[in-house]
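> My numbering runs 49 ahead of the 1-based position in the first sequence.
Before anything else, here's the structure in question.
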Amino acid sequence: MNEPNEQARKPTNPDGLEHEDLNVLMLRRREELDNLKKSGINPYPYEFERSDLSHDILESYKDDAPQRTVSVAGRIMSIRRMGKASFCHIQDSKGKIQLYLKKEELGGPYDAFKLMDIGDVIGVKGYIFRTKMGEISIHAQSLTLLAKSLRPLPVVKEKVDDHGNKIVYDPFSDKELRYRQRYVDLIVNPDVREVFTKRARIISAIRRFYDERGYLEVETPVLQPIYGGASARPFKSHHNALDVDLYLRIADELYLKRLIVGGFDGVYEISKDFRNEGMDRTHNPEFTMLELYVAFKDYHWMMELTEQMIFQVAMAVNGTPVATLGGREINFTPPWKRISMFAVIQEFTGKDLRGKTELELRSIAKELHVDVEPSAGLGAIIDEIFGEKAEPYLIQPTFITDYPIEMSPLAKKHRSEAGLVERFEGIVNGHEICNAFSELNDPIDQRARFEEQMKLRARGDEEAQVLDEDYLRALEYGMPPTAGLGIGIDRLIMLLTNKDSIRDVIFFPQMKPEK
RNA sequence: GGGCGUGUAGCUCAGGGGUAGAGCAUCUGCCUUUUAAGCAGAGGGUCGAUGGUUCGAGACCAUCCACGCUCACCA
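Written as structure tokens, this is what we have:
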């Protein structure tokens, strides 16, 4: 029926569209689509009633139970055609299941099945059985096309070896393609779906933890006339009707504390922040931030709450307080180690930086081979030494406390140590995962701190914080003592899912535009 | 931005101046319990782009583009 040169001929435009840039595989599928339509099949119908998910069928099947009929729907992931009968695997949200299709029983739809491909979404009704080879499968009694796929999917094959290990052949592994076409990544790489499912469970466990304690989840502006609450460069936008510049927030902090002034006992927000800076393994321009503020509490209290929260989240999603990261085991069981910044630097370098002048610090840094910017102040030098000599070696969860005041314009002065603030960061596996303080609620001190920041800004520090008059006005009405916390959710998720790139825990990480 | 690396079929990759390759996927034929199905055959490529060297470039050179890893920057 097919002349040799007829199959060699490139398919022509069956649906009349421009096909100059389509390859043969895509043209082929458009032809099949056309043929399906010609045989009266709607390739994009409106609904399908399904009774069960693949995974549940496999879990609940009993060989001695009475025969059960189910309807399932999913994407065809593999096909083995054998003339008058075929096997295929379909994949739904919970996994894969094998279908057995027989011409004798299906009749017309079996011919339609010949026009279907890997990637098509189908629905099948049939009874569950076990094949000769022992695989629980569905013996199809009816077949419905639910969506014709017009692009070839990367075909990933796998085999289970004698030791029960899964061997994957030709994995879809090109990182650029995986990130740009995450939908394909999700279809063919099941562990990707697991990571993002876990992401959702982590965030929901965090909400549960705070909700149970009566803290209110709130929403504050993403578009802000004055960006504040962190040191970073912002994305800038413009409101046409008001003719004012607006900034995408770099933090939620100042708005959330206004709500504490307003009388809430505890508020938290989980949302995107935006920072106009470089991208790498741990930075994406938009990222998910959790901030929590609780009235009448201080940073000691917040440390306890935080280690409890992370411990409980780890238990909820992993069933264990131990996370394995690149072969290293990290245990989130409270209490975490607490050590002051000066003490930890002394522990790792033998140097006591307490009470040192900027000049002395500079020479100590040189001695330790730590490069320091000429413009760096006292606090920045200490931070640099810490970042270089201590932080990378803090693997188990550790709270570093009591930071130099210069780096922390929104934190309250330490109650007993001059030059420091009541601040802590949680360090895990050598990286910061949270930042918290006893919040500065003295409006006069806060104004002075802002003014210091403005001086830095005037000297060209683009990341120095901006004075926010309305925030000062709020503080002047009186904010109760308050403990505040920020957690980079993406990084926490990296820890709990054993991923070393933020791009693996964000569905659509920022990419350069295509072409 | 620096260093290293990568870019060849839909996917995963070989090839290193002389006719463009493999496996999977696709197509044709056979096949009614297969499973990395099998057997026989076939089609599919601007070798990232542009210049250059050469009788001849996918390969060598230059520039550019994209991506990855890494360092720097950055809460």
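Backbone N, C-alpha and C define an ideal beta-carbon position, used for all residues, glycine too.
(1) Using a Cβ-Cβ cut-off of 7 angstroms (strictly less than) and excluding sequence neighbours within five positions of Met50, which residues of its own chain qualify?
(2) Tyr342: buried (16+ other C-beta within 10 angstroms of its C-beta) or exposed?
(3) Using DSSP's beta-bridge definition, name the partner residues of Ala114.
(4) Take Asn367 and list the residues in its own chain whose beta-carbon comes closer than 7 angstroms to its own, dropping the five residues that flank it on each side.
(5) Residue range of the beta strand (DSSP E) that Ile139 falls in?
(6) Within 10 angstroms of the Cβ of Glu326, are there 16 or more other Cβ atoms? Answer buried if so, exposed if not.
(7) Would you report the Cα separation of Ile500 and Glu356, rounded to the nearest angstrom?
(8) What are the boundary residues of the alpha helix (DSSP H) that includes Val233?
(9) Below 8 angstroms on the Cβ atoms is my guess for Ala196 versus Ser88; work out the distance and round it to an integer in Å.
(10) Would you identify the three-state DSSP class for Ala290, choosing helix, strand or coil?
(11) Could you spell out where the alpha helix (DSSP H) holding Pro158 opens and where it closes?
(12) What do you reckon, are the CB atoms on Arg242 and Leu235 nearer than 8 angstroms?
(13) Determine the DSSP secondary structure at His349, reduced to helix, strand or coil.
(14) Alpha carbon to alpha carbon, how far is Phe258 from Phe319? Give it in angstroms, no decimals.
(15) What number of angstroms, rounded off, separates the C-alpha of Pro441 from the C-alpha of Leu427?
(16) Going by other Cβ atoms of all chains shown within 10 Å of its Cβ, with 16 needed for buried, is Val470 buried or exposed?
(17) Buried or exposed: where does His463 fall if 16 or more other Cβ atoms within 10 Å of its Cβ makes it buried?
(18) Return the CA-CA distance between Glu512 and Val554, expressed in angstroms with no decimal places.
(19) Between which residues of its own chain and Met364 is the CB-CB distance below 8 angstroms, once the five residues before and five after are set aside?
(20) Tell me the rounded alpha-carbon separation between Lys145 and Leu85.
(21) Starting from Pro453 and walking both ways along the beta strand (DSSP E), at which residues does that stretch end?
(22) Among the candidates Gly168, Ile476, Arg179, whose CA atom is the shortest distance from the CA of Ser127?
(23) When burial is assigned at 16 or more other CB atoms within 10 Å of the CB, is Gly157 buried or exposed?
(24) Smallest Cα separation from Leu102: which of Ala114, Lys133, Gly172?
(25) Going by DSSP, name the residue or residues bridged to Asp322.
Working from what's here:
(1) Bear in mind that the predicted position of Met50 carries a pLDDT of just 29, short of 50, making it too unreliable to give a figure here.
(2) buried
(3) Answer is none; Ala114 lacks a bridge partner.
(4) Leu545
(5) 134–141
(6) exposed
(7) Looking at the sequence itself, residue 500 is Glu, so the reference to Ile does not match. In a straight line, the C-alpha of Glu500 is about 34 angstroms away from that of Glu356.
(8) 231–237
(9) With 8 angstroms as the limit, Ala196 and Ser88 do not qualify as a contact, their Cβ atoms being about 17 angstroms apart.
(10) coil
(11) 157–162
(12) yes
(13) helix
(14) Position check: residue 319 holds Ile in this sequence, whereas Phe was assumed. Whole-angstrom Cα-Cα distance: 13 angstroms.
(15) 21 angstroms
(16) buried
(17) buried
(18) 27 angstroms
(19) Pro370
(20) 25 angstroms
(21) 447–453
(22) Gly168
(23) exposed
(24) Gly172
(25) Phe336
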